[in-house]
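Please read the structure below before turning to the comments.
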Amino acid sequence: GAVVSQHPSWVICKSGTSVKIECRSLDFQATTMFWYRQFPKQSLMLMATSNEGSKATYEQGVEKDKFLINHASLTLSTLTVTSAHPEDSSFYICSASSSSYNEQFFGPGTRLTVL
Amino acid sequence: GEDVEQSLFLSVREGDSSVINCTYTDSSSTYLYWYKQEPGAGLQLLTYIFSNMDMKQDQRLTVLLNKKDKHLSLRIADTQTGDSAIYFCAERKAAGGYQKVTFGIGTKLQVIP
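Chains as they are written, first to last, in this note's numbering: chain R, 15 to 129; chain H, 359 to 471.
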């Protein structure tokens, strides 16, 4: 299957700082990338969907000014958590898909801890 | 995950079969998936089934789909301790021009040696 990487795998930051998480498709061109958030012992909740070169589509209840998504190329999408607060601490997982695949390929996730 | 429901926990003895059940609500789902997540790790796709199929077998894994009842199950034969993980059921459907995947809350499988 196709490989998706995320960087960093974990990050600890102070409240009020911004954190950028990268999601890369390593061996295919991802026309669509998805960002999910997973709280402890809960399911994955879709935050937003981004198509290369266009603005991301955010799910209801997700603040687009707080969670900035950039999908500048067919292999890279970034999620920036601006002015992070402790309640933003979570496991953030990206996935990528293309017209060639009938599935989404998931990255390994990034654990964000905001102190 | 309110559109996809799963039981939270399943405990089985090593060597027995495990059956994890899932129900979904949207009959327009095109694909249904089973993912495995080990502690602190991302999701690993185990298997998937197209919505017009009723069964798919892949080595120790058997997926059964009852489209009328919107019920999906994953059977793991000869369950091993390495199968201990959280298993997510997910449905895929078209939403606003793209394919959206909705996950259940996950079933934690505990395999007792």
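In this text, a Cβ means the ideal position worked out from N, Cα and C, and glycines have one as well.
Three-state class that DSSP yields for residue i in the structure shown
i, result
"Gly-359 (chain H)", "At Gly-359 (chain H), the pLDDT of 42 sits below 50, so the modelled position is not reliable; the number obtained from the coordinates is stated separately. Three-state result, Gly-359 (chain H): coil."
"Glu-117 (chain R)", "coil"
"Thr-63 (chain R)", "strand"
"Thr-94 (chain R)", "strand"
"Thr-89 (chain R)", "coil"
"Ser-19 (chain R)", "strand"
Contacts of residue i in chain H (Cβ-Cβ under 7 Å)
i, result
"Phe-120 (chain R)", "Gly-400, Leu-401"
Residues near residue i by beta carbon distance below 6 Å, same chain, minus five either side
i, result
"Gly-359 (chain H)", "At Gly-359 (chain H), the pLDDT of 42 sits below 50, so the modelled position is not reliable; the number obtained from the coordinates is stated separately. Cβ within range, chain order: Phe-461, Gly-462, Ile-463."
"Lys-28 (chain R)", "Leu-129"
"Tyr-406 (chain H)", "Tyr-389, Tyr-391"
"Val-17 (chain R)", "Leu-40, Asp-41"
Sequence-distant residues of its chain with Cβ nearer than 7 Å to residue i (five each side left out)
i, result
"Pro-471 (chain H)", "Glu-372, Thr-439"
"Asp-436 (chain H)", "Gly-373, Arg-418"
"Leu-88 (chain R)", "Gln-43, Ala-44, Thr-45, Glu-66"
Residue i: contacting residues in chain R (beta-carbon distance under 9 Å)
i, result
"Gly-462 (chain H)", "Ser-57"
"Phe-367 (chain H)", "Result: empty, since nearest Cβ-Cβ is about 11 Å, beyond 9 Å."
Which residues DSSP lists as bridging residue i, in chain order
i, result
"Ile-26 (chain R)", "R:Thr-127"
"Phe-408 (chain H)", "H:Tyr-389"
"Arg-51 (chain R)", "R:Met-59, R:Tyr-106"
"Lys-458 (chain H)", "H:Lys-451"
"Lys-466 (chain H)", "H:Phe-367, H:Ile-444"
Contacts around residue i, its chain only, beta-carbon distance under 8 Å, and the 5 residues preceding and following it disregarded
i, result
"Val-76 (chain R)", "Met-61, Ala-62"
"Ser-32 (chain R)", "Thr-94, Val-95, Thr-96, Ser-97, Ala-98"
Listed by chain order, chain R residues near residue i by CB distance under 7 Å
i, result
"Tyr-406 (chain H)", "Glu-117"
Chain R contact residues for residue i, given Cβ-Cβ distances below 8 Å
i, result
"Lys-504 (chain H)", "Shown here, chain H extends from 359 to 471; a query on residue 504 (chain H) therefore has no answer."
Partner residues on chain H for residue i, Cβ-Cβ distance less than 9 Å
i, result
"Gly-75 (chain R)", "None at all; the shortest Cβ gap to chain H is about 13 Å."
"Gly-67 (chain R)", "Within chain H, no residue comes near Gly-67 (chain R); the closest Cβ sits about 14 Å away, beyond 9 Å."
"Ile-107 (chain R)", "Gly-400, Leu-401"
Nearest to residue i (by Cα), restricted to the options the options
i, options, result
"Lys-425 (chain H)", "H:Leu-419, H:Glu-449, H:Asp-441", "H:Glu-449"
"Cys-37 (chain R)", "R:Gln-20, R:Gly-30, R:Phe-53", "R:Gln-20"
"Thr-71 (chain R)", "H:Thr-465, H:Asp-384, H:Gln-457", "H:Gln-457"
"Ile-434 (chain H)", "H:Asp-412, H:Asn-379, H:Ser-365", "H:Asn-379"
"Ser-103 (chain R)", "R:Asn-84, R:Thr-124, R:Ser-64", "R:Thr-124"
Beta-carbon neighbours of residue i, restricted to chain H and to distances below 8 Å
i, result
"Ile-26 (chain R)", "Here the premise fails: no neighbours, minimum Cβ distance about 15 Å."
"Gly-30 (chain R)", "Per Cβ cutoff of 8 Å: no residues; Gly-30 (chain R) is ~26 Å from chain H at best."
The ligand ATP heavy atom lying under 7 Å from the CB of residue i
i, result
"Glu-101 (chain R)", "Among the components modelled here there is no ligand, and therefore nothing to report on the ligand ATP."
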